[in-house]
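The structure appears right after this line, and notes come after that.
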Amino acid sequence: MRIAVLAVQGAFAEHEHVLQELGAETLQLRKPGDLANDFDGLILPGGESTVQGKLLRELSMMEAIREKIQDGLPVFATCAGLILLAEKITGETSYHIGTFPMTVKRNAYGRQLGSFHYDGMVQGIGVFPMEFIRAPYVERISDGVEILAAVDGHIVGVQYRNQLAVAFHPELGGDYRIHKFFLERMVAKN
Ligand code: GLN
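Each residue of the sequence shown is one higher than the last, beginning at 53 in the numbering used here.
Here's what the structure looks like:
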């Protein structure tokens, strides 16, 4: 099983480490030619969504990634990656990949709660160590979107068909269960 990790900016190395620990082969996506390789799933890491979006546009990679996701490629997005996937970003007129029918709010917890840890329930997985870093949350979802996790009434984990997205950083807490869920339940079954 080979998983591509978007590696233009952000916490991609941490995801690669987790995937390798779980026995998957990894492939970095840095330039358009990398998309020509075969891969079974895609990870969009945390970082800075504005920078990642700008680079994807400048590198002419946005369209190809969007098409692959629309064609059913399993994708797992964390934090900035969730923002990249969102169809709508609160207070902004543009979006990035835009394949996930939800509205997200960036830097949603304000300055004082810029970063925090929370042990919260993830549907189908159990209590999970969630690391939030200047995180977004999901403000609105469309029909068909499944809520996997919420913190203080705010949605922080969602699945829509082949797309899985969380507002926190599961690659940082030393718990690989969500990555395992992605590999076993979404990639292997695809
Ligand atoms: N604040 C970042 C953004 O808006 C996301 C932060 C993160 O990925 N940890 O893109």
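Where is the CB? At the ideal position from N, CA and C, for every residue including glycine. Please read these numbers as outputs of a predicted model, since none were measured by experiment.
Thinking just about the alpha-carbon of each residue, which of Glu191, Asp204 and Gly209 is nearest to the one in glutamate 198?
Gly209
Take the Cβ of alanine 76 as the centre, count every other Cβ of all protein chains shown within 10 Å, and call the residue buried at 16 or more, exposed below.
Buried, by the Cβ-count rule.
Meets three-Cβ-pair contact criterion under 8 Å: the stretch 143 to 152 and the stretch 74 to 89
no
Output the distance between the C-alpha atoms of isoleucine 193 and glutamine 104, rounded to the nearest integer angstrom.
23 Å
Can you give the beta carbon distance from valine 60 to isoleucine 95, rounded, assuming they're within the 8 Å contact cut?
Actually they do not touch by this definition, with Cβ atoms about 13 Å apart.
Quick check on the burial criterion: 16 or more other C-beta atoms within 10 angstroms. Buried or exposed for lysine 157?
buried
Exposed or buried, which one is alanine 217 when buried takes at least 16 other CB atoms within 10 Å?
buried
Beta bridge counterpart(s) of threonine 130 as assigned by DSSP:
Val218
Relative to the ligand GLN, is the shortest distance from any of its heavy atoms to the C-beta of glutamate 73 smaller than 7 Å?
Incorrect: glutamate 73 has no Cβ contact closer than 7 Å to the ligand GLN.
Cα-Cα separation, phenylalanine 168 to phenylalanine 234
Taking the straight line from one Cα to the other gives about 24 Å.
Given 8 Å as the limit, is there contact between the stretch 170 to 186 and the stretch 217 to 231, that is, 3 or more CB pairs closer than that?
Between the stretch 170 to 186 and the stretch 217 to 231, the count of Cβ pairs shorter than 8 Å is three or higher; the stretches touch.
Classify lysine 241 as helix, strand or coil using the three-state DSSP reduction.
coil
Smallest Cα separation from lysine 232: which of Leu111, Leu71 and Lys140?
Nearest C-alpha to lysine 232: Leu71.
Answer yes or no: the CB of serine 101 versus the heavy atoms of the ligand GLN, is any distance below 7 Å?
Yes.
Does the distance from the CB of alanine 245 to the CB of glycine 162 come in under 8 Å?
Nothing can be reported for residue 245: it is not among the residues displayed for the chain, which extend from 53 to 242.
Taking 8 Å as the cut-off, decide whether the C-beta atoms of isoleucine 135 and phenylalanine 91 are in contact.
no
How far does the beta strand (DSSP E) with isoleucine 55 in it reach, from first residue to last?
Start and end: 54 to 58.
Given that a residue counts as buried once 16 or more other Cβ atoms are within 10 Å of its Cβ, and exposed if not, what is glutamine 211?
buried
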